[in-house]
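Engineer: In the working numbering, the protein residues as written are 395 to 1245. By construction, the Cβ of each residue, glycine as well, lies at the ideal position given by its N, Cα and C atoms.
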């Protein structure tokens, strides 16, 4: 909901005390900025866009049927805050956190605030944020490890809290991302004065979570619970998990055993000590909370009752975000703390109170209407954005007044910014963060500044979700620099004494193993398809040296038939009646190349690769994401070039192949040889083996003229990067027997079939299996052993022999068919053994209310 103030309204200016008069803590920064000349803002903007593309920072915009990824909105001009202002804000944040913690304990405990009349029961019990299954009636201690407040600065310079964020406050990852960006944009930032660092806060936060655990062990297992890749802030979840060394997990990655939350891994169940929760609380437990949830863990509510696993933040803390509490906070502060509230809210009226309601209704016919009417439940809708006093809204207020609050319109402060056109003015909402470790509270010396689109009428706001500040509507974010002060204690003081305890075992969730397996398969499949495209389209050229017209047509026919088999895009080039495919193959080639809706196409495989990778951002390096981002860019360009000539589209195959080769090199050289790498490489080897078996069967299974076979053998070796090495080692004319020996049985050739199967056997040997079972007692081991034995025992001369009756190489056809049948069994067995229990939960039935 966005409204605009009347012309001439005055808002606090964060940077200037008067015309051309920068505030003291901004002066050095502006001197540096202006010293770069009038082009400096434009250069900063361009540099920031480049860094954002390099980092891969995104946010998701939900759309019907899909989720679109957009670059993270970032204004390269930071927000500078004076240290004295920050100290006052810091003290207010700490006090407000103490107050909300005590209120949370009371609401789920003795409920004195209700029995003594400080809060009206209707305000609590009619709100969906109060989770009745968690009420204990005791003084059991609850805590808020994480607290955030959305702040606005009023015209008099005071900060006020627009809304409290206590349930699953987001933004920590984006704050860190913004700071990394400004560190690179302003390498000489030390000349601006002392800027308080953020890293000590993050180190203290992680250490503090450990202190909250019953064991207080330094090797505690911490999980960041995410709704999954479709969530709009999933990038932040993966970035934060990677930066802080947390395990990123979805609800179906975990289960409850004996009152403890456990991560389902390939090695069994791994107890979880701390959950950094990014799933809204009512979705966390389909057993006791929201029955239609597919995001939570059955029994998670009981886990909190047992107390073995720390919840950051605990289930039930969402009640503190109830805007209806804000009018009562000053009285609650005096009740719990015996103090006045230092960091207040804007004037807020709960309309369940008759006096407040009558006061608002008395202004009903005023023009303009001076109040913003806000629902306490997000699912409640307001007509005409809740600001225009129409009869429908009046009826709602009179029928269910306790569901609404009213606020006067708020004028956010102004901060300078940069956009594509240069310097601009934006309006500010600031999210500040606090961490509590059970004993002490620490406020982050910075925060997430959200700013409105530039050059618009001055917005007024009543809550931070206003569309004016939404990235989807053109809003942006800034880094926040707190200037001056001594900063935090040294990192070693925050971290405590070094631990000599052994690190906990690193468990690989089944979902992660499955995604890595398919990343390997999709990457190798895409590479194989590109190689086939490249060889087949090279044969279009009339001037191809050494090949006559008949040889080119023969090779092209075999390769395109293989393309259909490998991609599964039937009937394609396997249909003998589709002569148009052969006389004019460009339409079919374009479809197999760039149609993302056609299962098996190159675009489909690349899109699947990106999607599988996106859910594992926390496990992939920034270099890997740079490659994947380039692949995604190619896909986008293909969609814009769907009508282009096939030759134009084929130009992209070279860079794409280079990118996929670089991806293979990165995973081979840089990934730890743990279970994750093992499953990724297992998928790659499986796909390469299946491709090679199909390729040899289609291209050499049937006999042909000597000239045709010579041409085909050369193409096969070129496809597998083996032409030069073959000539070096054999120094003979191309013959079927030595080529088959090389492609099937050469242990030194990294593209041979035996090389793939040997690695698959080695990888299978390292996969978890029941105690006492050798590899070959498992279905996985038997399948790969049978495949490897068939290849090693085969005789190349026999495989090369053509049956005079059928005109086919029967032994080769039987061997490749056997391999092609065994390898899918291997894949299915791996899936059943390691991936199946990670499937998403589903409803056994649905209910529908008639009438």
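1. Can you say whether residue 896 is buried or exposed, counting buried as having 16 or more other CB atoms within 10 angstroms of its CB?
2. Of the choices 481, 567, 433, whose alpha-carbon is the least far from that of residue 553?
3. Return the residue from the list 967, 1228, 868, 474 that minimises the CA-CA distance to residue 979.
4. Within 8 Å, do at least three Cβ pairs link the segment 533–544 to the segment 505–521?
5. In angstroms with no decimal places, state the Cα-to-Cα distance between residue 952 and residue 1169.
6. Evaluate residue 1085 with the Cβ neighbour count: other Cβ atoms within 10 Å of its Cβ, from every protein chain shown; 16 or more gives buried, anything less gives exposed.
7. So is residue 416 in contact with chain C if we call contact Cβ pairs under 8 Å?
8. Residues in the same chain with beta-carbon distance under 8 Å from residue 672, minus the five sequence neighbours each way, listed in chain order, please.
9. Would you kindly work out how many angstroms separate the C-alpha atoms of residue 423 and residue 686, rounded to a whole number?
10. Taking just the CA atoms, how far does residue 707 sit from residue 513?
11. How many Å lie between residue 418 and residue 797 at the Cα?
12. Relative to the C-alpha of residue 719, which residue among 770, 1211, 807 is closest?
13. Based on DSSP bridge pairs, tell me the residues matched to residue 765.
14. Among residues of its own chain, excluding the 5 on either side of residue 516, which ones have a beta-carbon nearer than 8 Å to its beta-carbon?
15. By Cβ distance, which residues of its chain are closer than 6 Å to residue 413, with the 5 residues on each side in sequence left out?
16. Return the chain-ordered ranges of every alpha helix (DSSP H) run that is complete within the segment 504–544 and spans a minimum of 4 residues.
17. Classify residue 1065 as helix, strand or coil using the three-state DSSP reduction.
18. Quick one: grab the DSSP three-state call for residue 589.
19. Per DSSP, which one or two residues make a beta bridge with residue 870?
20. DSSP state of residue 416, grouped into three classes?
21. Cβ atoms of residue 1022 and residue 916: under 8 Å apart, would you say?
22. Determine the direct distance from the alpha carbon of residue 976 to that of residue 464, and round the result to whole angstroms.
23. Buried or exposed: which applies to residue 982, given that a residue is buried once 16 or more other Cβ atoms fall within 10 Å of its Cβ?
24. Take residue 1159 as the anchor and find which of 1040, 874, 518, 1073 has the nearest alpha-carbon.
25. Going by DSSP in three states, residue 1146 sits in which element: helix, strand or coil?
26. Considering just the uninterrupted stretch of the beta strand (DSSP E) at residue 711, what are its terminal residues?
27. How should residue 466 be labelled, buried or exposed, when 16 other C-beta atoms within 10 angstroms of its C-beta is the threshold for buried?
28. Of the residues 404, 1219, 1229, which one's Cα is nearest the Cα of residue 807?
29. Answer with buried or exposed for residue 1090, where buried requires no fewer than 16 other C-beta atoms within 10 angstroms of its C-beta.
30. With distances taken from CA atoms, which of 833, 1008, 1102, 729 is nearest residue 910?
31. Along the chain, where does the beta strand (DSSP E) that runs through residue 718 open and close?
32. Can you check which of these residues, 426, 462, 441, 416, is closest to residue 1030 by C-alpha distance?
33. May I have the straight-line CA-CA distance separating residue 1232 from residue 724, to the nearest angstrom?
34. Could you give the first and the last residue of the continuous beta strand (DSSP E) run that contains residue 830?
35. Can you list, in chain order, the stretches of the alpha helix (DSSP H) that have 4 or more residues and sit fully within the segment 961–1002?
36. With the cut-off set at 8 Å, would you say residue 452 and residue 568 are in Cβ contact?
Structural biologist: The structure says:
1. Interpretation of residue 896 is limited by its pLDDT of 49, a score under 50 that renders its predicted location unreliable; no figure is taken from the coordinates.
2. Nearest of 481, 567, 433 to residue 553, Cα basis: 481.
3. Looking at the Cα atoms, 967 is the closest of the given residues.
4. Cβ pair count under 8 Å is below three, so no.
5. Whole-angstrom Cα-Cα distance: 38 Å.
6. That one is buried.
7. This model lacks chain C altogether, as it is built from one protein chain only.
8. Taken in chain order, the residues that qualify are 562, 564, 618, 619, 620, 621, 625, 627, 631.
9. Cα-Cα distance, rounded: 52 Å.
10. A direct Cα-to-Cα measurement between residue 513 and residue 707 gives close to 23 Å.
11. Looking at the two C-alpha atoms, the distance is approximately 45 Å.
12. Closest by alpha carbon: 770.
13. Partner(s): 802.
14. Residues 746, 796 of the same chain have their beta carbon placed closer than 8 Å to that of residue 516, with the five preceding and five following residues left out of the count.
15. Cβ neighbours of residue 413 beyond the five flanking positions: none.
16. Here the runs fully enclosed are 506–509, 515–519.
17. Of the three classes helix, strand and coil, the one that applies to residue 1065 here is coil, per DSSP.
18. Of the three classes helix, strand and coil, the one that applies to residue 589 here is strand, per DSSP.
19. When beta bridges are read from the DSSP output, residue 870 appears opposite 845.
20. Note: residue 416 maps to strand in three-state DSSP.
21. Their beta carbons are not under 8 Å apart, which means residue 916 does not touch residue 1022 by this criterion.
22. Rounded to the nearest angstrom, the two C-alpha atoms are 41 Å apart.
23. Residue 982 comes out buried.
24. Comparing Cα-Cα distances from residue 1159 to each of 1040, 874, 518, 1073, the minimum goes to 1073.
25. In this structure, DSSP gives residue 1146 a state outside helix and strand, which the three-state scheme calls coil.
26. In this chain, residue 711 is not harboured by any beta strand (DSSP E), its DSSP state being neither H nor E.
27. Taking all protein chains in view, the Cβ of residue 466 is crowded by 16 or more other Cβ atoms within 10 Å, so the residue is classified as buried.
28. Residue 807 has its Cα closest to that of 404, out of 404, 1219, 1229.
29. Burial call: buried.
30. Taking only the C-alpha atoms, the option nearest residue 910 is 1008.
31. No beta strand (DSSP E) holds residue 718; DSSP gives it neither H nor E.
32. The residue with the shortest Cα to Cα distance from residue 1030 is 462.
33. A caution first: residue 1232 carries a pLDDT of 44, below 50, which makes its placement in the model too unreliable to give a value.
34. Per DSSP, residue 830 belongs to the beta strand (DSSP E) from 816–830.
35. Here the runs fully enclosed are 973–977, 980–988.
36. A distance of 8 Å or more separates the beta carbons of residue 452 and residue 568.
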